[in-house]
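Data block below; observations after.
Residue numbers (full-length UniProt numbering): 1 to 642.
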């Protein structure tokens with residue numbers, strides 16, 4: 001190297017450069033040694049010592065605030081990802097915020113995603129081949145937001161390598177170039193560099209794949225997260241910053257003045273039937289697939305929705321219709337299934353880039369199982385609780401069998417569900433053009449109607465934060481507010497404060513937990529996990545699986561076996577979720593605060609009675625309420641493919 005340099009520079013300069021370089025290297029190594037010695041020191045303050053101080057208002061406190069506040073700055077309708085995210089953004093800018101959700105946080109689409117924080121490799125391919133700047137902007141936006149999710153909720157969002165099995169040699173350079181473009185467009189937010197694996201290494205990484213067909217493997221990186229816990233964490237974080245956020249409070253009518261401007265809403269507590277008149281300077285519709293219901297209220301001078309046709313006499317949880325004739329939302333159902341962990345590598349996902357019908361399908365390690373999906377089935381109505389049809393489950397299994405060596409069995413499906421993918425069409429364009437597929441918004445849509453109602457719809461989980469920021473920008477504009485700047489790119493969500501990758505080890509050391517339990521608590525509750533551990537210490541009963549609620553004194557023989565402790569969901573975790581995460585129903589805990597029913601619907605069914613027993617004791621339910629909860633929760637979980 002220096003010999004070549006000697007032809008251009010004097011040897012003395014080369015020598016000086018060499019000595020200077022050697023000195024710099026020596027100084028650098030000394031500095032590294034000093035840093036290494038410092039990093040080995042035991043930290044003075046552990047993230048679990050002292051215990052986090054959490055003083056959340058009760059539901060009664062929040063309802064009282066809803067009633068006594070003369071006028072909020074903004075009322076947000078909807079407590080899913082976009083609604084809770086908007087509540088947090090607005091509260092941290094200094095606005096007085098009310099946010100109401102008719103059911104539970106993440107009870108709709110926000111708990112039924114593919115659990116990926118990603119830019120969208122398929123959108124990148126479309127952007128290149130269609131020369132679409134809009135598609136490319138969508139990818140770059142999502143890649144940036146992916147990084148923010150990993151930053152703000154490090155306990156809930158993790159980097160996940162994903163391997164693309166390659167079955168034709170000509171595809172190797174094609175996929176390799178695509179993965180490198182994906183890295184490049186992520187810029188400084190790139191997680192890790194993609195790389196190529198030989199057939200041998202790809203087979204070792206994923207031994208369940210058919211090696212005889214495999215040519216190579218390409219690995220790129222995206223994010224994986226727990227969607228419903230992320231949603232609940234957003235709501236809790238918003239409350240901690242002063243917002244009044246309530247689940248099970250339904251908007252029944254928009255309030256309007258004499259000029260037809262929206263002034264807030266009449267809402268109803270779904271638990272007591274009590275109504276509240278909530279006035280606000282600005283109102284936001286963030287109800288996802290159900291946006292058309294609020295838009296109906298917006299279009300009617302009375303503020304009431306359009307009359308709905310009566311539900312059939314034999315209507316069930318799985319067949320109830322929420323919106324009969326959606327105008328803005330163009331709904332389609334995406335089905336996912338859960339399989340045992342041996343269907344996929346434990347630390348690497350698999351991506352089928354082109355199924356038989358041209359879709360993309362993922363097979364991802366998630367919560368100790370394998371998540372597979374998704375389908376894309378157009379719908380004419382928006383169901384209240386979409387369910388996975390057997391044909392859709394079989395479709396995913398058939399696709400998986402193309403790659404797996406061993407038989408793919410229907411009985412291996414532990415859970416199956418459907419979520420509504422809310423593609424949207426700008427209702428203003430539909431009026432003008434009649435609305436064709438070319439008018440579909442591929443990203444999110446924010447618009448303000450003549451009444452002053454702001455509607456946020458479309459988009460995807462990964463971009464929830466930017467959607468919220470833009471929505472609150474519009475709120476500030478419409479309300480004429482003077483606010484602080486947006487800080488949601490950097491703010492740590494509840495449980496992410498002082499988080500460390502060694503949290504599970506610290507929990508295990510301090511509380512004598514098993515590795516499975518310490519990892520479960522650290523990955524789902526972050527630095528709030530010690531609060532659950534303290535419940536374990538206070539009462540040994542709280543360490544039992546939630547299925548043992550009310551059965552703590554049963555004899556071991558014939559009642560307890562190894563399988564009783566397969567899942568780490570405990571009575572202590574349930575009690576924590578009631579008092580710190582606003583769980584109000586058994587489904588809230590079994591489906592959303594934990595993912596029990598999503599991971600294993602049959603096992604979750606066996607925990608329904610125990611869950612209801614503990615919740616009934618904590619919330620003072622009478623016997624009729626307890627029986628109603630058992631029946632409703634059982635019926636709901638049975639729609640999950642069991």
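Note that the Cβ used here is the ideal one computed from N, Cα and C, for glycine as well.
Relative to residue 82, the option among 156, 177, 456 and 607 whose CA is nearest is 456. The shortest CA-to-CA distance from residue 447 to any of 295, 542, 164 and 80 is the one to 295. Residue ranges of uninterrupted beta strand (DSSP E) with 3 or more members, entirely inside the region 359-398 and ordered along the chain, are 361-366 and 369-373. 68 is the residue among 582, 88, 581 and 68 whose C-alpha sits nearest the C-alpha of residue 279.
With contacts defined as CB atoms closer than 8 Å, residue 487 and residue 233 fail to qualify as a contacting pair. Where residue 268 is concerned, the enclosing beta strand (DSSP E) starts and stops at 262-269. Annotation for residue 290: 322, 323 and 382 place their beta carbon closer than 7 Å to its own, counting only its chain and skipping 5 residues before and after. Annotation: residue 312 is outside any alpha helix (DSSP H) and is labelled neither H nor E by DSSP.
Spanning the alpha carbons of residue 629 and residue 107 requires a straight line of approximately 16 Å. Here the alpha carbon of residue 601 sits roughly 44 Å from the alpha carbon of residue 71. Within its own chain, the residues whose Cβ lies closer than 7 Å to the Cβ of residue 118, once the five positions on either side in sequence are excluded, are 142, 146, 222, 223 and 462, listed in chain order.
The three-state secondary structure of residue 420, taken from DSSP, is strand. Beta-carbon to beta-carbon, residue 251 and residue 262 are separated by about 11 Å, too far to satisfy the 8 Å threshold.
With 16 or more other Cβ atoms inside 10 Å of its own Cβ, residue 74 counts as buried. Burial of residue 399 is indicated by the presence of at least 16 other C-beta atoms within 10 angstroms of its C-beta. Residue state for residue 277 is assigned as strand, using DSSP reduced to three classes.
Remark: fewer than three beta-carbon pairs, one from each stretch, lie closer than 8 Å, so the region 239-251 and the region 410-424 are not flagged as touching. Scanning its chain for C-beta atoms nearer than 6 Å, with the 5 sequence neighbours on each side dropped, one finds around residue 367 the residues 595 and 599, in chain order. The beta carbon of residue 163 lies closer than 8 Å to those of 197, 202, 205, 206, 217, 218, 219, 345, 348, 349, 350 and 351 in the same chain, with the five residues before and after it left out. For the pair residue 208 and residue 328, the CB atoms are not nearer than the 8 Å cut-off. Nearest to residue 550 by alpha-carbon distance, out of 277, 613, 592 and 580, is 613. The beta carbon of residue 530 sits closer than 6 Å to those of 48 and 51, all from its chain and outside the five residues before and after it, given in chain order.
Membership of residue 163 in any alpha helix (DSSP H) is not indicated; the residue belongs instead to the beta strand (DSSP E) covering 157-166.
Straight across, the Cα-Cα distance linking residue 112 with residue 158 is about 18 Å.
Annotation for residue 80: no beta strand (DSSP E) segment contains it, and DSSP assigns it neither H nor E. The residues 85, 86 and 89, in chain order, have a CB closer than 6 Å to that of residue 468 in the same chain once the five nearest residues on each side in sequence are set aside. Looking only at 538, 104, 150 and 60, the smallest Cα-Cα distance to residue 79 is reached by 104.
Contact between the region 173-189 and the region 518-525 is not established, with fewer than three Cβ pairs separated by less than 8 Å. Considering only 283, 497 and 443, the residue with the shortest C-alpha distance to residue 449 is 283.
Here the alpha carbon of residue 298 sits roughly 7 Å from the alpha carbon of residue 451. In the DSSP assignment, residue 509 falls within the unbroken alpha helix (DSSP H) covering 503-511. Residue state for residue 182 is assigned as helix, using DSSP reduced to three classes.
Pairing residue 149 with residue 310, the inter-Cα distance amounts to about 42 Å. Looking from the CA of residue 633, the closest CA among 589, 492 and 623 belongs to 589.
In this structure, residue 533 lies near residue 511, with their beta-carbon atoms less than 8 Å apart. As the crow flies, the alpha-carbon of residue 627 is around 24 Å from that of residue 387.
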